[in-house]
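Quick note on this note's numbering: the sequence shown kicks off at 217 and runs consecutively. Don't be surprised by glycine CBs; every beta carbon is placed ideally from N, CA and C. Data first, discussion second: the structure below is written as structure tokens.
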Amino acid sequence: MSKALVLGGGGPVGVAWEAGLVAGLAEAGVDLSDADRIVGTSAGSIVGARLALGASPAELLAATRPVAPPTSGPAVPVVDGEALMAVGVAMFEALTGGRAHDEIIGDLGRLAAKAETIPEDDFVATVGSDLGTPWPDRDYACTAFDVDSGAFTVWDAGSGVPLDRAVASSCAVPGILPPITIDGRRYMDGGVISGTNAGLTEGHDVVVIVSCITRVVLGAEAYLRAPLDAEVAALRDGGSVVEVVEFDDATIAATGGNLMDFSAETVQAVGATGLAQGRSEAGRIGAVWRGE
């Protein structure tokens, strides 16, 4: 039985929640780190890379911190309200089919290219400080978009690019964090159209999808779930058994609807709710993961 793990995007809040969730599941006897394939998008690219490199679930949670440089000195990311709104509107249009995806990606690419953010190398150093450049000896992949061409890109060990830069590119929220230069081209967040990109696990018997965005705004779930629902349906049509884990009510309350909260207080609170949720979800997820 082949197993795949999908870790979705969700900003620094998503990193904390996913790390807590994975650790809580492991405490209850469900070790998602033994997946045959790990796919990470944005926040999930960080958590997935750490898992693929061999961090234990407990070490994963202990390493959780805001995805940003230290809160002193010149290289501090500023979450520009207008940029964040533009990204939110564009993603909502993608979710609802309001505009063609290539138009949305083009607009976000231009936003990413012109924004004044923290230095690119500082962001790579922060994201990759515990990753390094060699890829794990595992089937791990992360996603990004080419800023200029709009091409969807899947990075893996065969891509020939440094791991830290690949992961940073997957996390580079347009207008807020800098595009990442790889082989002379610039790349931005891989989650601007789909927060999960779960189709990259096609062909696996069991797929567990961890989604940060589908319940972040209460009352909007039907819209926020649309791409994920389509991905899940396609995987099930292909014969995969699929389970999805989303924010529970405690995590929704802890986030306050803001996935881009870099504060240590929020990161710690969401890590704790993720840990508790992992423990409580172990029965449901464990049965699927073990093929019961």
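- When DSSP reads this structure, R500 sits in no beta bridge, so it has no partner.
- The shortest CA-to-CA distance from A310 to any of I409, D247, M476 and L324 is the one to I409.
- In the DSSP assignment, F339 falls within the unbroken alpha helix (DSSP H) covering E336 to V343.
- If one requires a minimum length of 3 residues, the beta strand (DSSP E) runs lying completely within the region 422-480 are 422-426 and 457-461, in chain order.
- Excluding the 5 residues flanking it on each side, A251 has same chain C-beta neighbours closer than 7 angstroms at K219, A220 and L221, in chain order.
- Here V305 is exposed: its Cβ has fewer than 16 other Cβ atoms, across all protein chains shown, within 10 Å.
- Counting along the chain, L267 sits inside the alpha helix (DSSP H) bounded by residues A259 to A268.
- By the C-beta density criterion, M404 is buried, having at least 16 other C-beta atoms within 10 angstroms.
- As the crow flies, the alpha-carbon of T482 is around 14 angstroms from that of V432.
- Counting of Cβ neighbours within 10 angstroms places L434 among the exposed residues, the total staying below 16.
- A Cβ-Cβ separation of about 5 angstroms places L223 in contact with V263 under the 8 angstroms criterion.
- By the criterion of a C-beta distance shorter than 7 angstroms, A239 is surrounded in its chain by P273, A274, L276, L277, L491 and G494, once the five residues flanking it on both sides are discounted.
- In the three-state scheme derived from DSSP, where H, G and I count as helix and E and B as strand, T359 is classed as strand.
- Beta-bridge analysis with DSSP links T397 to R402.
- Annotated as proximal: A279 and A271, with beta-carbon spacing under 8 angstroms.
- By the CB criterion at 8 angstroms, T349 and L379 fall inside the cutoff.
- Contact between the region 379-398 and the region 409-418 is not established, with fewer than three Cβ pairs separated by less than 8 angstroms.
- Just measuring C-alpha positions, the residue of L440, V422 and G366 sitting nearest G406 is G366.
- The criterion of a C-beta distance shorter than 8 angstroms is satisfied by T412 and E447.
- Look at T349 here: in three-state DSSP terms it is coil, with no helix or strand label.
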